[in-house]
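Position 27 of the sequence shown, counting from 1, maps to 27 under the UniProt record's numbering, and the rest follow consecutively. We treat Cβ as the ideally placed atom computed from N, Cα and C, and that holds for glycine. Small disclaimer: the values here were computed from a predicted structure and weren't measured. As structure tokens, the structure follows; a few thoughts come after it.
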Amino acid sequence: MTAKRKRFIAGAVCPECQAKDTLAVWQDQGVDNVICVKCGFTQRQTDQVAADKTPAKDQIIGIFHPE
Ligand SMILES: [Zn+2]
């Protein structure tokens, strides 16, 4: 299995053409690459951008009412 397997990122918006659901990602030598199938924009996901994917953990998930 050496074929590059692309998968689309649901809800992702291309930073170049602002199109939605056009970004596909595949792995190349352990690095995530992103391509927009609409405008051809490409980006390598380095460790620096990986932090962007971290979901916010400070969200309030409930309200606690102390007695
Ligand atoms: Zn694009």
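Per the DSSP secondary-structure output, Arg7 pairs in a beta bridge with Val25. Set against 6 Å, the gap from the CB of Lys38 to the closest heavy atom of ligand 1 is smaller. Per DSSP, the beta-bridge partners of Gln45 are Asp32.
Measuring C-alpha to C-alpha distances from Cys36 to each of Arg5, Ile9, Phe64 and Glu67 identifies Ile9 as the nearest.
Under the three-state reduction of DSSP output, Val13 falls in the strand class.
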